[in-house]
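As they're listed, the protein sequences go chains A and B. Count the first sequence with full-length UniProt numbering and you get residues 1 to 206, in order. Count the second sequence with full-length UniProt numbering and you get residues 1 to 206, in order. For glycine and all other residues, C-beta sits at the position ideal for the given N, C-alpha and C. Structure record follows, encoded as structure tokens.
Number of protein chains: 2
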Amino acid sequence: MEFSSKLLENAVQEMSQLPGIGKRTALRLVLHLLKQPKERTEMLTDALMKLKSEVNFCRSCHNISDTELCEICANPKRDESLVCVVEDIRDVMAIENTSQYQGLYHVLGGKISPMEGVGPQDLNIASLIQKVRKGTVKELIFALSSTMEGDTTNFYIYRQLEGLEVVTSAIARGISVGDELEFADEVTLGRSIVNRVPFESSIKAN
Amino acid sequence: MEFSSKLLENAVQEMSQLPGIGKRTALRLVLHLLKQPKERTEMLTDALMKLKSEVNFCRSCHNISDTELCEICANPKRDESLVCVVEDIRDVMAIENTSQYQGLYHVLGGKISPMEGVGPQDLNIASLIQKVRKGTVKELIFALSSTMEGDTTNFYIYRQLEGLEVVTSAIARGISVGDELEFADEVTLGRSIVNRVPFESSIKAN
Numbered sequence: 001m002e003f004s005s006k007l008l009e010n011a012v013q014e015m016s017q018l019p020g021i022g023k024r025t026a027l028r029l030v031l032h033l034l035k036q037p038k039e040r041t042e043m044l045t046d047a048l049m050k051l052k053s054e055v056n057f058c059r060s061c062h063n064i065s066d067t068e069l070c071e072i073c074a075n076p077k078r079d080e081s082l083v084c085v086v087e088d089i090r091d092v093m094a095i096e097n098t099s100q101y102q103g104l105y106h107v108l109g110g111k112i113s114p115m116e117g118v119g120p121q122d123l124n125i126a127s128l129i130q131k132v133r134k135g136t137v138k139e140l141i142f143a144l145s146s147t148m149e150g151d152t153t154n155f156y157i158y159r160q161l162e163g164l165e166v167v168t169s170a171i172a173r174g175i176s177v178g179d180e181l182e183f184a185d186e187v188t189l190g191r192s193i194v195n196r197v198p199f200e201s202s203i204k205a206n
Numbered sequence: 001m002e003f004s005s006k007l008l009e010n011a012v013q014e015m016s017q018l019p020g021i022g023k024r025t026a027l028r029l030v031l032h033l034l035k036q037p038k039e040r041t042e043m044l045t046d047a048l049m050k051l052k053s054e055v056n057f058c059r060s061c062h063n064i065s066d067t068e069l070c071e072i073c074a075n076p077k078r079d080e081s082l083v084c085v086v087e088d089i090r091d092v093m094a095i096e097n098t099s100q101y102q103g104l105y106h107v108l109g110g111k112i113s114p115m116e117g118v119g120p121q122d123l124n125i126a127s128l129i130q131k132v133r134k135g136t137v138k139e140l141i142f143a144l145s146s147t148m149e150g151d152t153t154n155f156y157i158y159r160q161l162e163g164l165e166v167v168t169s170a171i172a173r174g175i176s177v178g179d180e181l182e183f184a185d186e187v188t189l190g191r192s193i194v195n196r197v198p199f200e201s202s203i204k205a206n
């Protein structure tokens, strides 16, 4: 792609560093900003810089928070004996959206992935074990994605918990509500039969 | 979508103002920036602000340019008797990529669109007519998109040219090179038959 301006080329280059944004899309976004009043660009860049320089992570669960302790951890109505282990703050948002969970979270910040050079020490695992050691946590719910990296991470944490008194569980895998059985993949369908639940609780969850 | 941080919400809100970027994508992009070193965000915001505050448009063709006269207009090898009228600087880039055109451009900056409140006075039409009035331009090539707005804009300019000595042409519409006839839409196929070209020139263009 040949640019008529270095400034434009530079802006497109930086924009296309974002995941899923190719050169063409970046050009479209940059030209859109160019057509808008200057305040638009200022508001965008200010918001990004402000987030980056002032962002704070909850000292207990590592979720993004404007306060030292996030709203969920600070809420006395939440059940602190229940901790759901997730990869990312997006997972917290997704589970919170369901309004079905009243426990706390622990955000690992990623999964163990030797391929990408992410080891256990790069994740918030030590603080999780410490939390469990304190004895208030009765159950850990693993809610990582069911990939090889997710399973590895789950297993690593599971091993670290040896000797500690805590129940571990994993979120249920199965057919999505509303999905047709015939279109489900075999692994998911298989798991959903093996891990079937009492009929009464299947009604309650809806 | 519920956010655990105002700073995060604000950044996602601003990012999702960009065309084609929804809230979920915006969140993904913002969280990506959060994981990267601070320099990444700085480089992106600097590039955007710099472009916005220092951007310059060629005084002759209105293409984005770091110099007063863009590289194309300033190039003595380009044929200044030929001017291709386009909507956007992306069209200039697309035509330049073909290496098939040696004339100059005129970037209108949009199309006449009463629905979106864009009138002829909002576009670089007056400067185009002035350019033609000077007498150096022998042919104007209309290369706007073939939509109602594009046709309206072409026709508006065509009317303004009345009494001036200039040939007007439009880029050829037809079947894309490599496409099967059976899958072409009727209007395009119809035009490509009516506006057929001598066989020799169809070979030359490849």
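At least one CB of chain A lies nearer than 8 Å to the CB of Leu51 (chain B). Counting C-beta pairs closer than 8 Å gives fewer than three between the region 58 to 76 of chain A and the region 55 to 65 of chain B, which falls short of the contact rule. Residue state for Val197 (chain B) is assigned as coil, using DSSP reduced to three classes. Pairwise C-beta distances place the region 100 to 107 of chain B out of contact with the region 40 to 47 of chain B, as fewer than three of them are shorter than 8 Å. DSSP assignment within the UniProt domain "Toprim" (81 to 176) of chain A yields the following whole beta strand (DSSP E) runs of 3 residues or more, N-terminal first: 103 to 107, 139 to 142, 167 to 170.
Contact between Val187 (chain A) and Ile141 (chain A) is ruled out by a C-beta separation of about 21 Å, above the 8 Å threshold. Residue contact with chain B for Cys84 (chain A): absent (no Cβ-Cβ distance below 8 Å to any residue of chain B).
Around the beta carbon of Asn63 (chain A), 16 or more other beta carbons lie within 10 angstroms, which makes this residue buried. Among the residues facing chain A, Val118 (chain B) is not included, as its CB has no counterpart in that chain under 8 Å away.
In the structure shown, the three-state DSSP call for Asp179 (chain A) is coil. For Ile64 (chain B), the beta-bridge partners assigned by DSSP are B:Phe57.
At a cut-off of 8 Å, the C-beta of Lys38 (chain B) has a neighbouring C-beta in chain A. The beta carbon of Ala172 (chain A) sits closer than 7 Å to those of Asn195, all from its chain and outside the five residues before and after it, given in chain order. Between Ile141 (chain A) and chain B, the shortest Cβ-Cβ separation is not below 8 Å.
Per DSSP, the beta bridge partners of Asp79 (chain B) are B:Gly103. Per DSSP, Cys70 (chain B) is not a residue of any alpha helix (DSSP H), being assigned neither H nor E. A distance below 8 Å separates the beta carbons of Glu87 (chain B) and Lys111 (chain B).
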